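Working notes, beginning with the structure itself.
Numbering (our numbering), first residue to last: -14 to 269.
Dropping the structure here:
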């Protein structure tokens, strides 16, 4: 299997978070200098104090704007403000309704999938998530509802598998969380999240389609006004690859294409960067 890391898609978000940290450090330094200047006996230089105060205000405004961009646009705020299921039973019925909606959406666009496809929520076919996991499962539902709906609109041949990252937390009293769930996985490797600033919530979607479907879907992900980052794309032929290199190179100027012509099986890992809310970030 050929793994293709789409570093460029996620690097912009990662760089933005590094810039946020740099601005926060710079702002704290300026605030210390300004406070020290006000309290010193040399505060007779009113102009210097005013200039430093203006610089603090400019850096604070820039930092607030950058934080706003990284938190995402209206969709991210709507997701954060969405009403959470009050009980496991409420969550169960909401998940069941979402599964039915996605099945209908797949059928409407001619996308093949299993008759009993659960779209990543097979663990909740009989009961809703534990109360402590309801918030993260709600966010996973929102992420997958958006990603799968957008994918179906592009007409892939079939949906192969959907997985969610395992919710954080200890095993429950019934022991179900002590082992990996049926549609859960442990994402590893690179992440765009910054410790103490955001928590990654990952999903993994496998589907069979023409490469054009993949390209257009990835473009839609990057244009979405929520902090979604493509971490990894893996490509495998949907059928045994030909050994005829001449056939593979036909029309490619002698270069063997990374993604061969025809349908391929793509496995795409996407993460949502859930902001860690502090008093400082709430104020911004």
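Just so you know, even glycine gets a beta-carbon here, dropped at the ideal spot from N, CA and C.
What you are looking at is a predicted structure, and each value in this text was computed from that prediction instead of being measured.
Taking the alpha helix (DSSP H) that residue 88 falls in, what are its first and last residues? The residue you call residue 88 lines up with position 103 of the chain shown. Segment 73 to 93, the alpha helix (DSSP H) holding residue 88.
By how many angstroms is the C-alpha of residue 215 removed from the C-alpha of residue 69? Reading the chain shown from its first residue, position 84 is the one you call residue 69. Reading the chain shown from its first residue, position 230 is the one you call residue 215. Near 26 Å, if we compare the C-alpha coordinates of residue 215 and residue 69.
Using 8 Å as the threshold, is the stretch 115 to 128 in touch with the stretch 84 to 95, meaning 3 or more CB pairs across them? no
Alpha carbon to alpha carbon, how far is residue 232 from residue 111? Within the chain shown, the letter at position 247 stands for residue 232. Within the chain shown, the letter at position 126 stands for residue 111. The pLDDT assigned to residue 232 is 49, lower than 50, so where the model puts this residue is not dependable; a value taken from the coordinates is nonetheless given after this. Roughly 50 Å separates the two Cα atoms.
Inspect the beta-carbon positions of residue 141 and residue 209 and report whether they are closer than 8 Å. Residue 141 sits at position 156 when you count from the first residue of the chain shown. Residue 209 sits at position 224 when you count from the first residue of the chain shown. No.
In three-state terms, what does DSSP make of residue 258? Counting from one through the chain shown, the residue named residue 258 turns up at place 273. In the structure shown, residue 258 falls within a strand segment according to DSSP collapsed to helix, strand and coil.
Own chain partners of residue 223 with C-beta closer than 7 Å, once the 5 adjacent residues on each side are dropped: Here the question's residue 223 lines up with position 238 in the chain shown. Correct list, in chain order: 193, 248, 249, 250.
Taking the beta strand (DSSP E) that residue 143 falls in, what are its first and last residues? Taking the first residue of the chain shown as position 1, residue 143 is located at position 158. Counting along the chain, the beta strand (DSSP E) containing residue 143 begins and ends at 143 to 150.
Could you spell out where the beta strand (DSSP E) holding residue 197 opens and where it closes? As a working note, residue 197 is residue 212 in the chain shown. Where residue 197 is concerned, there is no enclosing beta strand (DSSP E), although the alpha helix (DSSP H) it sits in stretches over 196 to 208.
Same chain only: Cβ atoms within 6 Å of residue 158, ignoring 5 sequence neighbours per side: Within the chain shown, the letter at position 173 stands for residue 158. Residue placement at residue 158 cannot be trusted, given a pLDDT of 46 that sits under 50; what the coordinates show is reported in the next sentence. Nothing meets the Cβ criterion.
Contacts around residue 105, its chain only, beta-carbon distance under 8 Å, and the 5 residues preceding and following it disregarded: What you label residue 105 is simply residue 120 of the chain shown in a count that begins at 1. Result list for residue 105: 125, 129, 147, 148, 149, 168, 188, in chain order.
Grouping DSSP H, G and I as helix and E and B as strand, with all else coil, what is residue 107? As a working note, residue 107 is residue 122 in the chain shown. DSSP places residue 107 in helix when its eight states are reduced to three.
With distances taken between CB atoms, is the gap from residue 213 to residue 206 smaller than 8 Å? For the purposes of this step, residue 213 is identified with residue 228 of the chain shown, where counting begins at 1. For the purposes of this step, residue 206 is identified with residue 221 of the chain shown, where counting begins at 1. Closer than 8 Å, so yes.
Straight-line Cα distance separating residue 144 from residue 98: The sequence position of residue 98 within the chain shown is 113, counting from 1. The sequence position of residue 144 within the chain shown is 159, counting from 1. Their backbone Cα atoms lie some 5 Å apart in a straight line.
Euclidean distance between Cα positions of residue 114 and residue 184: Position 129 of the chain shown, counted from the start, is the residue given in the question as residue 114. Position 199 of the chain shown, counted from the start, is the residue given in the question as residue 184. Approximately 19 Å between the Cα atoms of the pair.
If you draw a straight line from the C-alpha of residue 172 to the C-alpha of residue 252, how long is it? As a first step, residue 172 must be located in the chain shown, where it is residue number 187. As a first step, residue 252 must be located in the chain shown, where it is residue number 267. C-alpha separation (whole angstroms): 13 Å.
By DSSP, does residue 96 sit in helix, in strand, or in coil? Taking the first residue of the chain shown as position 1, residue 96 is located at position 111. Under the three-state reduction of DSSP, residue 96 is assigned to coil, being neither helix nor strand.
Cβ of residue 197 within 7 Å of any heavy atom in the ligand FAD? The model depicted lacks the ligand FAD and carries no ligand whatsoever.
What would DSSP say about residue 112, mapped onto helix, strand or coil? Taking the first residue of the chain shown as position 1, residue 112 is located at position 127. In this structure, DSSP gives residue 112 a state outside helix and strand, which the three-state scheme calls coil.
Is residue 61 buried or exposed, if buried means 16 or more other CB atoms sit within 10 Å of its CB? Taking the first residue of the chain shown as position 1, residue 61 is located at position 76. Burial call: buried.
Residue 61 in three-state terms, based on DSSP: On the chain shown, residue 61 is found 76 positions in, with the first residue counted as 1. Three-state result, residue 61: helix.
Let me know if residue 116 comes out buried or exposed under the rule of 16 or more other beta-carbons within 10 Å of its beta-carbon. For the purposes of this step, residue 116 is taken as residue 131 along the chain shown, with counting starting at 1. Under this definition residue 116 is an exposed residue.
Tell me, please, which residues DSSP counts as bridged to residue 186. Your numbering for residue 186 matches position 201 in the chain shown. Beta-bridge pairing links residue 186 to 257.
When you compare only the Cα positions, how much space is there between residue 127 and residue 64? Position 142 of the chain shown, counted from the start, is the residue given in the question as residue 127. Position 79 of the chain shown, counted from the start, is the residue given in the question as residue 64. Distance between the alpha carbons of residue 127 and residue 64: 7 Å.
Assuming residue 186 and residue 135 form a contact by the criterion Cβ under 8 Å, report the distance between their Cβ atoms to the nearest whole angstrom. Your numbering for residue 186 matches position 201 in the chain shown. Your numbering for residue 135 matches position 150 in the chain shown. In fact, because the Cβ distance is near 17 Å, the residues do not count as touching under 8 Å.
Are the Cβ atoms of residue 132 and residue 80 separated by less than 8 Å? As a first step, residue 132 is located in the chain shown; it is residue number 147 there, counting from the start. As a first step, residue 80 is located in the chain shown; it is residue number 95 there, counting from the start. Cβ distance not < 8 Å, so residue 132 and residue 80 don't count as in contact.
On the criterion of 16 or more Cβ atoms from any shown chain inside 10 Å, does residue 66 qualify as buried, or is it exposed? Counted from its first residue, the chain shown places residue 66 at position 81. Answer is exposed; the Cβ neighbour count stays below 16.
Name the DSSP beta bridge partners of residue 251, please? For the purposes of this step, residue 251 is taken as the residue at position 266 of the chain shown. Residue 251 pairs with 192, 220.
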